[in-house]
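The letter at position 415 of the sequence shown is residue 452 when you use my numbering, and the numbering goes up by one with no holes. Cβ atoms here follow ideal geometry from the backbone N, Cα and C, with glycine treated the same way. As the structure is a prediction and not an experimental result, all values here were calculated from the model. Below is one structure; the comments refer to it alone.
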Amino acid sequence: MALPDPVIVVPGVTANYLQDQYPLPPEDIWTVLSLEYERAALHPDNLRYEAGEPALVRTGQLYEIAYKELINELRHDLSPSADVPVPVYPFAYDWRQPLEVTEAQLEAFVQEVVARTLLLRHYVRDGYRSRGTVSLVGHSMGGLVIVGYLERAGTQSRVRKVATLATPFRGSFEAVIKATTGTANLGTTAPSSREREAARLTPSLYYLMPELASGVTADPGLPTSLYDPGAWQPSVVLTIAEFIRLHGTDPNDIPGQADALFRRLLSTAQAHRRRLDAFQLDQAGLAASDFLCVVGADCTTRVRLQIVRQGGQPNGPPDFKFASSDRDNQWSANAPGTRSFTGDGTVPFEGAIPSFLARENLVCVTPDDFGYWEVQDRLTTSVAGFHGILPNMDMLHRLIVRHFTGAPDEHGNTWGRPAPGVTAWQPPLPLMQK
Numbered sequence: 038m039a040l041p042d043p044v045i046v047v048p049g050v051t052a053n054y055l056q057d058q059y060p061l062p063p064e065d066i067w068t069v070l071s072l073e074y075e076r077a078a079l080h081p082d083n084l085r086y087e088a089g090e091p092a093l094v095r096t097g098q099l100y101e102i103a104y105k106e107l108i109n110e111l112r113h114d115l116s117p118s119a120d121v122p123v124p125v126y127p128f129a130y131d132w133r134q135p136l137e138v139t140e141a142q143l144e145a146f147v148q149e150v151v152a153r154t155l156l157l158r159h160y161v162r163d164g165y166r167s168r169g170t171v172s173l174v175g176h177s178m179g180g181l182v183i184v185g186y187l188e189r190a191g192t193q194s195r196v197r198k199v200a201t202l203a204t205p206f207r208g209s210f211e212a213v214i215k216a217t218t219g220t221a222n223l224g225t226t227a228p229s230s231r232e233r234e235a236a237r238l239t240p241s242l243y244y245l246m247p248e249l250a251s252g253v254t255a256d257p258g259l260p261t262s263l264y265d266p267g268a269w270q271p272s273v274v275l276t277i278a279e280f281i282r283l284h285g286t287d288p289n290d291i292p293g294q295a296d297a298l299f300r301r302l303l304s305t306a307q308a309h310r311r312r313l314d315a316f317q318l319d320q321a322g323l324a325a326s327d328f329l330c331v332v333g334a335d336c337t338t339r340v341r342l343q344i345v346r347q348g349g350q351p352n353g354p355p356d357f358k359f360a361s362s363d364r365d366n367q368w369s370a371n372a373p374g375t376r377s378f379t380g381d382g383t384v385p386f387e388g389a390i391p392s393f394l395a396r397e398n399l400v401c402v403t404p405d406d407f408g409y410w411e412v413q414d415r416l417t418t419s420v421a422g423f424h425g426i427l428p429n430m431d432m433l434h435r436l437i438v439r440h441f442t443g444a445p446d447e448h449g450n451t452w453g454r455p456a457p458g459v460t461a462w463q464p465p466l467p468l469m470q471k
């Protein structure tokens with residue numbers, strides 16, 4: 038049997054450090070414990086760079102709390118022995134940037150990983166030179182980066198197997214809350230005003246906008262698509278205008294500049310969503326059996342959003358109404374349609390379904406799938422949420438290893454659940470059904 042392919046782990050939004058390398062020594066501006074929003078905020082004239090220039094922000098390590106166990110377990114369990122290691126690489130990226138930028142960086146990194154693997158004698162002896170492929174694991178927004186890369190590279194992608202964990206293929210309402218209020222179950226939470234201002238000028242956030250059937254309702258005359266600027270409350274553009282006033286280099290028509298920038302952020306993200314909607318696995322030389330899509334469920338999750346007129350006025354501007362009743366968990370309900378009103382606490386179930394897979398192919402997991410010995414992960418889930426800590430699940434580590442290697446489940450220690458309404462479950466590998 039051939040050695041397993043090297044693996045690349047792509048994290049979610051806000052899930053790796055950012056460091057400003059302009060000062061000497063370099064200074065961390067985004068870590069688990071320290072979030073400097075002003076220094077992470079992007080410049081309205083050019084969102085590739087920081088508002089506070091001069092600066093030179095680069096990526097740092099992945100968040101250990103979310104990815105250390107996953108990476109270490111994959112390295113151990115994929116490797117036949119200690120002297121025949123299977124490389125598992127973390128892929129840190131600037132999660133603020135448009136996903137197209139990150140996709141291109143991932144494409145280059147795949148080539149680098151292949152080249153590095155060809156320097157390992159046990160891979161050369163194994164005939165790796167003739168195949169030169171990798172496997173990818175994406176958590177949350179990392180899954181969007183992976184699929185965008187697959188769509189971009191097509192049959193030149195050099196990817197053999199993929200596993201995505203809790204990826205918002207159809208978006209998350211938490212992204213709307215982050216842009217509107219500054220607090221959400223998306224990434225880290227912190228003082229809302231500073232985070233809100235930085236979020237509204239973070240391109241990647243708009244790629245996470247929810248687009249679910251019946252997920253958004255609106256008062257008469259208001260659009261239901263969150264890619265339509267007319268659906269958004271005016272405070273968002275006003276914040277962008279103030280940022281342009283403070284940091285922009287063109288003092289002319291600041292309101293017009295703000296409106297144009299906001300529209301560009303939304304339209305670019307919408308174009309990316311349409312790209313992924315149209316993607317089919319065979320374009321990248323893959324089949325449904327090559328793609329493990331893990332969806333989190335059985336957590337109270339925001340599954341709908343109301344857009345209302347401010348003050349109830351017939352011609353009032355739009356306003357987002359965040360009601361507690363819009364958070365739901367019907368995973369245990371009897372009716373399949375009702376059971377879909379659930380999620381992982383951040384991504385609604387319907388938001389986690391990719392267009393290129395059937396519901397029969399999905400593998401659902403819940404917080405109950407943490408083993409009784411995973412006490413710390415259960416405690417972290419109660420504080421940080423299931424979405425963020427899902428990559429720590431021991432069962433998922435074993436499941437990913439089986440998916441990448443094709444190994445049988447000799448000990449009966451991998452499983453999953455079908456999506457609501459599915460009677461003929463077809464996961465990408467044989468699994469016990471819970």
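Could you check whether glutamine 367 and threonine 379 sit closer than 7 Å to each other, using their CB atoms as the reference points? yes
For methionine 178, count neighbouring Cβ atoms within 10 angstroms of its own Cβ and tell me buried if that reaches 16, exposed if not. buried
Continuous alpha helix (DSSP H) stretch holding glutamine 307: start and end: 291-315
Any idea which residues DSSP pairs alanine 255 with across the strands? Ile344
For glycine 449 and serine 272, the rounded distance between their alpha carbons: 53 Å
Helix or strand or just coil, what does DSSP make of proline 266? helix
Once you ignore the five residues that flank proline 91 on each side, which residues in its own chain have a CB closer than 8 Å to its CB? Tyr59
Three-state class that DSSP yields for alanine 235 in the structure shown: helix
Euclidean distance between Cα positions of glycine 408 and valine 402: 12 Å
Using 8 Å as the cut-off, can you tell me whether the region 301-316 makes contact with the region 281-292, which would need three or more C-beta pairs spanning the two stretches below that distance? Verdict: no, contact absent.
Assumed close pair serine 172, aspartate 42 - CB separation to whole angstroms, cut-off 8 Å: 5 Å
Could you compute how far the alpha carbon of phenylalanine 316 sits from the alpha carbon of valine 199? 15 Å
Please report the Cβ distance between leucine 40 and valine 94, rounded to the nearest whole angstrom; I am assuming they are in contact, meaning their Cβ atoms lie under 8 Å. No, leucine 40 and valine 94 are not in contact; Cβ-Cβ is about 37 Å, not under 8 Å.
Mind checking if lysine 198 is an interface residue toward chain C, Cβ cutoff 7 Å exclusive? The displayed structure is made up of one protein chain only, and chain C is not part of it.
Residues bridged to valine 402 (per DSSP): Gly333
Are the beta-carbon atoms of proline 373 and glycine 458 separated by less than 7 Å? Yes, these two residues count as a Cβ contact at 7 Å.
Report yes if the C-beta distance between leucine 466 and histidine 440 is below 7 Å; otherwise report no. yes
Work out the CA separation of serine 241 and valine 420 for me, nearest whole Å. Any reading at valine 420 must be qualified, since the residue scores a pLDDT of 48, below 50, and its modelled position is unreliable; the value itself is stated next. Approximately 25 Å, taken between the alpha carbons.
Of the choices Met246, Gly185, Pro122, Pro445, whose alpha-carbon is the least far from that of valine 139? A quick correction: the sequence has threonine, not valine, at residue 139. It is Gly185 whose Cα lies nearest to the Cα of threonine 139.
Measure the C-alpha to C-alpha separation of glutamate 110 and asparagine 429 and round it to an integer number of angstroms. 10 Å
Per the contact definition of three or more C-beta pairs closer than 8 Å, is the region 323-330 in contact with the region 248-266? Output reads no: the region 323-330 does not touch the region 248-266.
Would you tell me roughly how many angstroms separate the C-alpha atoms of glycine 164 and aspartate 327, rounded to the nearest one? 21 Å
CB of threonine 201 within 7 Å of CB of cysteine 330, strictly: yes
Just mark threonine 338 as buried or exposed, buried being the case when its beta carbon has 16 or more other beta carbons within 10 Å. buried
Glycine 243 and leucine 136 closer than 7 Å at C-beta: The sequence given here places tyrosine at residue 243; glycine does not occur at that position. Not in contact: tyrosine 243 and leucine 136 (Cβ atoms no closer than 7 Å).
6 Å Cβ shell around tryptophan 269 - same chain, five flanking residues per side excluded: none
Compare the beta carbon distance of serine 364 and alanine 370 with 7 Å and say whether it is the shorter of the two. Contrary to the premise, residue 364 reads as arginine rather than serine in this sequence. In this structure, alanine 370 does not lie closer than 7 Å to arginine 364 by Cβ.
What are the boundary residues of the alpha helix (DSSP H) that includes threonine 154? 136-154
Return helix, strand or coil for leucine 107, following the three-state DSSP convention. Correct three-state label for leucine 107: helix.
Are at least three pairs of beta-carbons, each pair with one atom in the region 211-220 and one in the region 188-199, less than 8 Å apart? no
Start and end of the alpha helix (DSSP H) containing proline 127? Unbroken run through proline 127 is the beta strand (DSSP E), 125-127; no alpha helix (DSSP H).
Distance, leucine 399 Cα to glycine 224 Cα: Residue confidence for glycine 224 is low, a pLDDT of 46 falling below 50, so the modelled location carries little weight and cannot support an answer.
Could you spell out the range, first to last residue, of the beta strand (DSSP E) harbouring alanine 200? Annotation: the continuous beta strand (DSSP E) that includes alanine 200 extends over 196-202.
Kindly indicate which residue of Leu181, Ile45, Arg435, Trp410 has the alpha-carbon position closest to the one of alanine 145. If we check each option's Cα against that of alanine 145, Ile45 comes out closest.
In chain order, what residues of the same chain have a beta carbon less than 7 Å from the beta carbon of alanine 129, not counting five sequence neighbours either side? Counting only Cβ-Cβ distances below 7 Å, and skipping sequence neighbours, we find Asn53, Thr96, Gly97, Gln98, Leu99.
Backbone CA spacing between alanine 221 and arginine 158 [nearest angstrom]: For alanine 221, the predicted structure reports a pLDDT of 44, less than 50, and the residue's modelled location is therefore unreliable. The matter cannot be settled from this model.
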